[in-house]
Each structure stands twice: as structure tokens, then as C-alpha cells.
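Worksheet for the structure shown next.
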Amino acid sequence: MKHASTSPAPPSPADPPQRAGFVGLGLMGAPMAANLLTAGWGVTGWNRSPSAVEDLVRLGGSAATTVEDLRNEPVIIFMLPDLPHIEEAASGLLDAWRASPPGPGTLVVVMSSVSPVGVQAFGHAVREASAGNAAVLDAPVSGGTQGAQQGTLAIMAGGSEEDFARALPALQAMGTTVRRLGGLGAGSLAKACNQLIVGTTTAALAEAAGLAERSGLDVEALFGVLSGGLAASRVLEVVGPRLAAEDYTPTGPAKFMHKDLSFVLESARSVGAAVPMASAGVELYAHLIRQGLGDLDLAVVRQAIANLGTASPGNAPATTKETLS
């Protein structure tokens, strides 16, 4: 295994970097880092579990023994579950920068789903620790593990135009729809809006699946018909088959949706926006977590909703399989 120790000095801000550190090689991070390698980037990775780093090395990447080892990389990408995980992982890195600031134009790219408010505070901490030489770009993604593997993620970025331009080659190696939506925090707000739509749409599909099945309809056939009408959506296309099959093999833990919808509520409070669907979604996904289903796929919201039901099949209303067949 190759280990990062003393990295070469970063390039000048005018030169697009072709090296990156990558922190977090999980279900999403590992294929994203692999796509950077495929695009010709030199990638040095760190992960809490060494096996993921070993996989990256087998693909041609390098291994960092600590996040601090990435201190001289021109771009450092974080793909961890939440901002507290990022802040913890980055603490040694920021200490190293306080002792010896990085080169001007260094970028920290937060690709996790995080609080729009919190990532702005993190950006301030990074700027302060680096003597103004490093900036944060928030660039959360949508598209799930399939999008991560295929390099077709939608990436919503927030930060300065200059920082976005420097990060763009790396982002385009991981996604096909890449947009800057405003200053730092704008990407995370866009992702919160995305999750509001995904989380509540998945719940609505799950609710429809439960109602249809208890009424004697074939859920797969129902979703096939819906896909040809106004109810068609990317969520139906991607999550629908798992809902119909009740396949809850994780492609991403359902518990993260509760976190993401909480960010919607936080952002809504700050601007006085009404978000009744997000409020209902937070409550529903809290029920899901309390039922012990949080580590399963998002489609498990179908089971969570079913567990909230009170009528047994034998006590179902008159709209049963017999009356609808």
C-alpha cells in the first residue's frame, strides 16, 4: 500500500489542480473517488476502515494514514455522513494549517448532505485556520449509488465563482449535471430541497403501494401504469421497483432522510417559509428510526408506514381483492 507523507507544494491558483485528497470511501465515496482516477486525477484517500483505502490503492490511488496527510493537496473532498463527522475528521488538518498554512487557492469540497447554516460556519473555520488560503465549496450530490458508480450524479454547488471554476473539472468527473447555485451554503440548501421532494415522494409511493396491495392490486403493475402518466418521476423509476418488491437492501441508509428533512425545517425557520410536507416527513422518518429500520434502504419507509396501520388484512374495508378483481 502506498502512503502519503510529504506531498508536493500545491499549484498556483491559476492552474486547475489534478490531484485530490478524498475523505470517506463508503457506498458513495468509493465510486466517486474511482471516477476521479478514471478521469486522470491523482487521488489520495482516507477512510476509517482500511479495507476501503486498500480498494482505492488497487485502482491506482494512494493511501493517507491520517486526514492531516492530505494537508498539501490542492483539493480535499469530504464524503462523510454529516457535518459533525467532517469537523471531527478535519480537526487535525486544520491544526496542521494553523501551524503551516496551505498554498493559496486550496479547496475543501463538502459533498455530503449537511446543514446549509452549519457549512457556512465550517467555511469560516477553514478560512481562519488556513490564514485565508483555503476555501470551502459545498457540493452535495443526488443520484444515489447508481449515479455515483456511473459518474452521472447531479451536483449542487455553493461558493464563489472562482472556487467553483477550480473545482469544476473534479466535479465533472463525478457528475453530469453540475451547477453553481450561489454562495457557500446554496448547494446544501438545494440538496435539502431535493431531499424534500425525494423523501416525501418516496413516502407517497410507499403509501400508495400499501393501499393498492391491501386492496388487491398488483403494485408492480400499478407503478407501471403510473409511469406513463402525470405521476411519473425519477423517484418512481429508481425507487419504485424496490418498493414493489419490498427490497430494502441498503443503497443508502433511510435514517439520513430524517437528517436531511431536519435541514429543510432549519432553513425554513431562518426565512419564515412554510414547509408542511417536510414537517410531516420528519415525523414519519422519526417513526421509521424508532422502529429500528434506519439502516435499511429508503424504500423501507413502506414497511414503516405499514407498521403504523391499525387494520389487519382480515378487517380491511370493503375495497378488497375480491371486490376489485
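Sequential numbering of the sequence shown, starting at 60, is according to our numbering. Glycine included, C-beta positions come from ideal geometry on N, C-alpha and C.
Quick one: is Leu96 near chain B, going by C-beta distance under 8 Å?
Annotation note: the requested chain B is absent from the structure, which comprises a single protein chain.
Between the C-alpha atoms of Ser171 and Val297, what's the straight-line distance to the nearest angstrom?
Whole-angstrom Cα-Cα distance: 21 Å.
Rounded to a whole number of angstroms, what is the C-alpha to C-alpha distance between Gly164 and Gly244?
So the two alpha carbons sit approximately 19 Å from each other.
Just how far apart, CA to CA, sit Gln77 and Trp100?
Roughly 5 Å separates the two Cα atoms.
Mind pulling the alpha helix (DSSP H) runs of 4 or more residues that sit fully within the stretch 63 to 148?
List check, alpha helix (DSSP H) in window: 88 to 97 and 109 to 117.
Please list the segments of the beta strand (DSSP E) lying wholly inside the stretch 159 to 244, counting only runs of 3 or more residues, in order along the chain.
List check, beta strand (DSSP E) in window: 165 to 169, 193 to 197, 212 to 216 and 234 to 239.
List the DSSP bridge partners of Pro312.
According to DSSP, Pro312 bridges with Asp356.
Taking only three categories from DSSP, how would you classify Leu276?
Of the three classes helix, strand and coil, the one that applies to Leu276 here is coil, per DSSP.
When the Cα atoms are used, what is the spatial distance from Gly299 to Leu355?
For Gly299 and Leu355, the distance between alpha carbons rounds to 16 Å.
To which residues of the same chain is Val173 closer than 6 Å at the C-beta, ignoring the five residues directly before and after it?
The answer, listed in chain order, is Leu142 and Ser247.
Among residues of its own chain, excluding the 5 on either side of Ala93, which ones have a beta-carbon nearer than 6 Å to its beta-carbon?
If we look at Ala93 and ignore the five residues flanking it on each side, its Cβ neighbours are Leu118.
Under 8 Å Cβ to Cβ from Ser371, same chain only, skipping five residues before and after it: list those, please.
Any reading at Ser371 must be qualified, since the residue scores a pLDDT of 45, below 50, and its modelled position is unreliable; the value itself is stated next. Same-chain partners within the cutoff: there are none.
Quick check: Leu352 and Val359, are their CB atoms within less than 8 Å of each other?
For Leu352 and Val359, yes; Cβs fall inside 8 Å.
In its own chain, which residues sit with a C-beta less than 7 Å from the C-beta of Ser66, not counting the 5 before and 5 after it?
Bear in mind that a pLDDT of 41 at Ser66, under 50, signals an unreliable position, so the model cannot answer this.
Under DSSP, the alpha helix (DSSP H) around Glu296 begins and ends at which residues?
Taken as a continuous stretch (DSSP letters only), the alpha helix (DSSP H) holding Glu296 covers Arg293 to Ala304.
Measure the beta-carbon distance from Val278 to Ala268 and round it to whole angstroms, keeping in mind my assumption that it falls under 8 Å.
Rounded, the Cβ-Cβ distance is 5 Å, consistent with contact.
Does the stretch 138 to 153 touch the stretch 173 to 189, meaning 3 or more C-beta pairs lie closer than 8 Å?
Judged by Cβ distances under 8 Å, the stretch 173 to 189 makes contact with the stretch 138 to 153, as three or more pairs qualify.
Can you find at least 3 beta carbon pairs, one from the stretch 217 to 230 and one from the stretch 252 to 266, that sit closer than 8 Å?
Result no; under three Cβ-Cβ pairs closer than 8 Å.
Over what stretch of residues does the alpha helix (DSSP H) that includes Ala337 continue unbroken?
Run containing Ala337: Pro335 to Arg349, per the alpha helix (DSSP H) assignment.
Quick check on DSSP: helix, strand or coil for Ala262?
Three-state result, Ala262: helix.
Taking 7 Å as the limit between beta carbons, can you name the residues of its chain near Phe282, skipping five residues before and five after?
Counting only Cβ-Cβ distances below 7 Å, and skipping sequence neighbours, we find Leu295, Gly299 and Ala303.
Any idea what DSSP makes of Ser326, helix, strand or coil?
Ser326 falls in the helix class under three-state DSSP.
Just how far apart, CA to CA, sit Gly206 and Thr236?
Each residue's alpha carbon lies about 11 Å from the other.
Using a Cβ-Cβ cutoff of less than 6 Å, which residues in the same chain neighbour Gly241 once the five nearest sequence positions on both sides are dropped?
Here the set comprises Gly217.
Taking the alpha-carbon of Phe137 as reference, which of Gly80, Asp128 and Thr310 has the nearest alpha-carbon?
The residue with the shortest Cα to Cα distance from Phe137 is Gly80.
Given this structure, state the Cα-to-Cα distance separating Gln179 from Glu272, to the nearest angstrom.
Whole-angstrom Cα-Cα distance: 45 Å.
Quick check on DSSP: helix, strand or coil for Ser321?
In the structure shown, Ser321 sits in a helix (DSSP, three-state: H, G or I).
Gly246 by DSSP, collapsed to three states: which one?
Here Gly246 sits in helix by DSSP.
With H, G and I counted as helix, E and B as strand and the rest as coil, what does DSSP make of Ala155?
Helix, per DSSP.
Considering only the beta carbon of each residue, do Leu357 and Thr204 sit closer than 8 Å?
Taking 8 Å as the Cβ cut-off, Leu357 and Thr204 do not qualify as a contacting pair.
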